[in-house]
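To start, the structure itself, in structure tokens.
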Amino acid sequence: MIRVFGSISFDSFGEPRSYTEDELELMMTVATSVATAYANAMLFAAEQEQRRTAETLREVARVLSSSFDPHEVLPLVLAELRKLINYDTATIMLVDGSVLRIAAASGWPIDSAPLGRTLPIEASGAGNVVRQREPILLVAPPDSTIWPKGDIGDRILTWLGVPLISKGRVLGVLNIDSYRRNAFNARDLEVAQTFANHAAIAIENAQLYQESVARVEQELAIARQIQSNLFPRTLPSCSGVSIAARCLPARETGGDFYDVIDLGSRVGIIVGDVSGKSLPAAMLMAVARSTARSEARNHEFPRLVMAETNRWLVEDVPRNTFVALGYALIDPIEHRLILSNAGQLAPLLRHSDGRTSFLETAGALPLGMQRDTRYNQIELELFPGDTLVFYTDGVVEAQNRQHELFGFDRLEQLVRHWGHLPPEALLERLLAEVRSFSEGRAVHDDMTLVIVRMEPETAMHNGA
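Everything in the sequence shown is counted per the working numbering, starting at 476 for the first residue and increasing by one.
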């Protein structure tokens, strides 16, 4: 195929002349050489342009995949588009039921950007793009415009609408506008389609991420509500002991829970921590608490309470989940404590004279892991002024900015020093110390404290 690029003119001034066959052949050779050089230059320029475009598109794809926030992705799409196509204004319209809604705009002053404006899919140029699932290029005829006077786009003389399609679904339309006629060529159309494919994937990923975040936030709200409903609204009164309890759920909503059970002249203390986070952990927490509470009323000894609770949980909880639980039965009349532990941290006992010790029991698996696990218990005498501190790992594993743990030693020192305080005051002191140690760092695990103090039988002070 012969392509004509132009012509070379040879002129004679002063007198007419004619050219010989040899001269004409030479002229033809020169013209052919010039045409070849020009064609090669055009091919080289086109190749360089394609290479630059391809590199820019790769960079665009990388940039667009750098964020999953829809509020960041949409403006980013239009900013990256300007690197490829010189436009005056551009918008992204997303499908919203039977209309297209402008979700991002570029080229307008901030106070006049048409964000939120809608157009019907059935009766609009952008709607035609959605229905046809193909790009549409419009150029205004002479002395006229594409869109009606008074429209926000009444200055547009060239309009390119490109569908945003991901996984076969039309998400919206990329509108590219120019105030000049014939502003976009075939190359722009091809680039716009490729760009729109990258943009559609980025937009869909951002939408899916947003939906996922909303779903997680909803689950967290439900989980927090379940967790808060499980805590006793008021603590039972029991002659001879005073009690304070608090659970501070982390934002992620872990699985800490506690319960204080009125068993007549005795009181049962349950402190637990279930594996996992969010809604599954909250559901497991509800099952574990209700089961342990029921078994505490049915059995005399804590080791039996643990064994029966474990038997039920093994059947009900999902695989690879478990419950670390401690159960203490306190008899203020007999001055006796019976403690059984299933993977929970050892409670801290402070005697009235300031001596402290951790109440270790023989090691046993957390509940829900193995059906026929046997649990041990320890029994010891309590005296007026003795204080028991039950806690979960969120307390001792709190970290400061140097990633140091709050730790057991620090907890023991604080209880030894402040253990003479009433339970509610001691609880507030310990939480304040943890907060001060953490230096404002976000809490990533629940913190639970239950403090029991042995009082003379005539005393009866309980705090929630």
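Where is the CB? At the ideal position from N, CA and C, for every residue including glycine.
For residue 706, the closest of 677, 746 and 675 by C-alpha to C-alpha distance is 746.
Closest in alpha carbon position to residue 803, among 786, 824 and 509, is 824. Here the alpha carbons of residue 755 and residue 596 stand approximately 42 Å from one another. Within the segment 829 to 894, the alpha helix (DSSP H) runs of at least 4 residues that lie entirely inside it are, in chain order, 868 to 871 and 882 to 893.
Taking C-alpha positions only, residue 631 is separated from residue 668 by approximately 20 Å.
The C-alpha of residue 897 lies about 9 Å from the C-alpha of residue 718. In terms of CA proximity to residue 515, 480 leads the group 480, 770, 643 and 835.
DSSP, read as helix, strand or coil, puts residue 815 in strand. By the C-beta density criterion, residue 546 is exposed, having fewer than 16 other C-beta atoms within 10 angstroms.
Residue environment for residue 598: exposed (fewer than 16 other C-beta atoms within 10 angstroms of its C-beta). Straight through space, the alpha carbons of residue 655 and residue 619 are spaced by roughly 12 Å.
With respect to the 8 Å criterion, residue 875 and residue 908 are not classified as neighbours on the basis of their beta carbons.
In this model, residue 919 and residue 724 are separated by some 9 Å (Cα to Cα). Listed in chain order, the non-local C-beta contacts of residue 602 below 7 Å within the same chain comprise 575, 594, 595 and 596, local neighbours out to five positions each way being set aside.
For residue 600, the uninterrupted alpha helix (DSSP H) segment begins and ends at 600 to 607. Residue environment for residue 703: exposed (fewer than 16 other C-beta atoms within 10 angstroms of its C-beta). DSSP lists no beta-bridge partner residue for residue 713. Each residue's CA atom was taken as its position, placing residue 498 and residue 563 some 52 Å apart. Per DSSP, the unbroken beta strand (DSSP E) holding residue 564 starts and ends at 564 to 571.
Boundaries cannot be given for residue 797, as no beta strand (DSSP E) includes it and DSSP labels it neither H nor E. In the three-state reduction of the DSSP assignment, residue 718 falls in the strand class, which pools E and B. Rounded to whole angstroms, the gap between the alpha carbons of residue 489 and residue 511 is 33 Å.
Comparing C-alpha distances from residue 843 to each of 565, 760, 662 and 559 shows the shortest one belongs to 760. Residue 647 holds the alpha-carbon nearest to the alpha-carbon of residue 606 among 626, 616, 647 and 635.
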